[in-house]
Amino acid sequence: MPSTPAHPAPRMQWMDLLRGVAVLLVVVLHGSDIPRANGLGVDEWAQLNLYLEPFRMPLLMFLSGTLLPRSLVKPPALYLWGKFASIVWPLMIWLVGFGVLIYHGGPGRLEYWLTGDYLWFLMALTICYLVGMLLKPAVPRPGLLSGIAVVVFLLMLVTRHFTELENSLVSRTLYYGAFFFLGAACARMLLRWATAPWLLIAALAVLMALLADHGLEDREFRAGSLYAAPTAMIGIAVILWVAPRIPAGRINSFMQWTGRNSLVVYVSHFPIIILIHRGLSEIGVDPVLHVAGCTIGGLLMSLLAVWLRPWTRWLYTAPGDRHVASRLAARNQESGRGSDRMRMS
Numbered sequence: 001m002p003s004t005p006a007h008p009a010p011r012m013q014w015m016d017l018l019r020g021v022a023v024l025l026v027v028v029l030h031g032s033d034i035p036r037a038n039g040l041g042v043d044e045w046a047q048l049n050l051y052l053e054p055f056r057m058p059l060l061m062f063l064s065g066t067l068l069p070r071s072l073v074k075p076p077a078l079y080l081w082g083k084f085a086s087i088v089w090p091l092m093i094w095l096v097g098f099g100v101l102i103y104h105g106g107p108g109r110l111e112y113w114l115t116g117d118y119l120w121f122l123m124a125l126t127i128c129y130l131v132g133m134l135l136k137p138a139v140p141r142p143g144l145l146s147g148i149a150v151v152v153f154l155l156m157l158v159t160r161h162f163t164e165l166e167n168s169l170v171s172r173t174l175y176y177g178a179f180f181f182l183g184a185a186c187a188r189m190l191l192r193w194a195t196a197p198w199l200l201i202a203a204l205a206v207l208m209a210l211l212a213d214h215g216l217e218d219r220e221f222r223a224g225s226l227y228a229a230p231t232a233m234i235g236i237a238v239i240l241w242v243a244p245r246i247p248a249g250r251i252n253s254f255m256q257w258t259g260r261n262s263l264v265v266y267v268s269h270f271p272i273i274i275l276i277h278r279g280l281s282e283i284g285v286d287p288v289l290h291v292a293g294c295t296i297g298g299l300l301m302s303l304l305a306v307w308l309r310p311w312t313r314w315l316y317t318a319p320g321d322r323h324v325a326s327r328l329a330a331r332n333q334e335s336g337r338g339s340d341r342m343r344m345s
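Heads up, the sequence shown is in UniProt numbering, so the first residue is 1 and it goes up one at a time.
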């Protein structure tokens with residue numbers, strides 16, 4: 001989700017497009033779920049979110065994983081600083097801010113810090129990037145990375161079987177971390193996959209639709225299980241084939257812009273929707289209007305937060321991040337020149 005070094009233009013464009021679509025679907029999810037948790041749900045809206053559940057967060061984590069090989073080209077200090085400045089910093093800012101201003105006393109509870117509340121994704125992503133750094137020697141070997149993804153997934157199954165940590169940060173990190181490392185393994189194959197025959201993609205799309213429909217009644221096909229993972233991967237495969245074929249235009253450009261700022265949308269949307277929900281609850285409106293207000297208001301206000309980003313940059317990136325990154329890069333270059341001189345002497 002955080003901004004990363006530029007990829008070749010065609011690839012980066014459709015990856016931004018997918019990030020934009022996925023993060024807006026997260027807003028749509030919470031625009032429905034927050035009222036529903038308070039007895040103001042709309043069944044049809046809830047059904048749509050259940051249908052999309054197998055693909056939404058796995059896709060975001062998969063796309064983040066595809067950026068791992070390129071990120072690891074950086075020196076370790078620069079790599080770690082980049083992750084701190086663009087992931088850990090906004091995580092802490094919004095975790096404290098949300099807990100104090102919205103959650104009311106959240107930071108005073110250990111569980112709040114251990115689960116991350118709605119910011120759990122950034123916690124899981126941070127852990128994945130740290131583990132990815134430790135596994136740097138395996139990154140150039142897709143087969144080995146795929147094996148690591150399988151091992152991570154199996155650890156999730158074991159954790160769920162022997163504990164009651166189904167929705168804990170541990171369980172979520174293991175489940176979605178499997179998609180992260182699978183994305184890293186597939187990073188070099190994405191353009192080749194885009195040339196797959198359309199008949200294969202059509203067959204996978206039908207299977208994806210059937211599995212997602214089955215998941216409406218059976219949660220095991222939606223998230224965190226042996227059945228949900230294949231459902232998600234089939235969906236991701238279809239989405240990755242379709243995305244580069246989406247024609248250019250205003251909607252495409254808008255989604256790319258949103259994708260490049262997906263972090264802003266992600267961290268800001270939840271507090272915004274909660275405040276809208278509280279306001280509508282005070283007024284007392286029909287559930288349909290309530291959900292619509294939370295969803296549309298959440299989307300518009302989150303996008304307004306993106307537009308305001310140049311004036312609120314410290315909320316999403318550590319102050320002085322570029323200066324620190326430049327100093328670390330210069331120090332690395334100087335160290336490299338010193339090593340060269342030593343070898344020549």
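Glycine residues also receive a C-beta, built at the ideal position from the N, C-alpha and C atoms.
Just so you know, these numbers come straight off a predicted model, no measurement behind them.
If we call anything under 9 Å between Cβ atoms a contact, is residue i one with residue j?
i, j, result
"Phe181", "Gly65", "yes"
"Pro58", "His290", "no"
"Trp314", "Ile93", "yes"
"Gly305", "Thr295", "Here the sequence assigns Ala to residue 305, which means Gly is not the residue at that position. Not a contact, by the Cβ cut-off of 9 Å."
"Arg172", "Gly106", "no"
"Pro271", "Phe121", "no"
"Thr231", "Phe62", "no"
"Leu119", "Val267", "yes"
"His269", "Asn38", "no"
"Thr126", "Val73", "no"
"Gln47", "Leu216", "yes"
"Ala243", "Trp45", "no"
"Gly132", "Ser71", "yes"
"Val285", "Gly293", "yes"
"Asn332", "Pro75", "yes"
"Pro287", "Leu25", "no"
Around the C-beta of residue i, are 16 or more other C-beta atoms found within 10 angstroms, so that it is buried, or is it exposed?
i, result
"Glu203", "Looking at the sequence itself, residue 203 is Ala, so the reference to Glu does not match. Exposed is the call here."
"Ala6", "Confidence is the limiting factor: at Ala6 the pLDDT is only 41, short of 50, which leaves the residue's position unreliable and the question unanswerable from this model."
"Ala330", "exposed"
"Pro10", "For Pro10, the predicted model reports a pLDDT of 45, less than 50, meaning its position is unreliable; a value from the coordinates is still stated below. Exposed: under 16 other Cβ atoms inside 10 Å."
"Leu328", "buried"
"Arg222", "buried"
"Ala318", "buried"
"Pro326", "The residue asked about is misnamed: residue 326 is Ser in this sequence, not Pro. Ser326 comes out exposed."
"Gln256", "buried"
"Phe302", "In the sequence as displayed, the identity of residue 302 is Ser instead of Phe. Buried is the call here."
"Leu308", "exposed"
"Met189", "exposed"
"Gly279", "exposed"
"Leu300", "exposed"
"Leu199", "exposed"
"Leu60", "buried"
"Ile234", "buried"
"Ile273", "buried"
Give me the Cβ distance between residue i and residue j, rounded to the nearest whole Å; I'm assuming they're in contact under 8 Å.
i, j, result
"Val152", "Leu174", "6 Å"
"Leu101", "Gly116", "In fact, because the Cβ distance is near 17 Å, the residues do not count as touching under 8 Å."
"Pro69", "Ala184", "6 Å"
"Leu155", "Leu226", "Leu155 to Leu226, Cβ: 13 Å. No contact."
"Thr159", "Val170", "6 Å"
"Ile148", "Leu135", "6 Å"
"Val265", "Val23", "5 Å"
"Ala124", "Tyr176", "6 Å"
"residue 433", "Tyr316", "Residue 433 falls outside the range modelled here, since the chain spans only 1 to 345, and no answer is possible."
| query | Do three or more CB pairs link the region 23-31 to the region 128-144 at distances below 8 Å? | reply | no
| the region 69-87 contacting the region 239-253, beta-carbon criterion three pairs below 8 Å | no
| Are at least three pairs of beta-carbons, each pair with one atom in the region 11-20 and one in the region 252-262, less than 8 Å apart? | Two segments are said to touch when three or more pairs of C-beta atoms, one from each, lie closer than 8 Å; by this definition the region 11-20 touches the region 252-262.
| query | Three or more beta-carbon pairs under 8 Å between the region 203-218 and the region 227-239, yes or no? | reply | yes
| said: Counting beta carbon pairs with one atom in the region 40-56 and one in the region 111-118, are three or more of them shorter than 8 Å? | reply: No, they do not touch.
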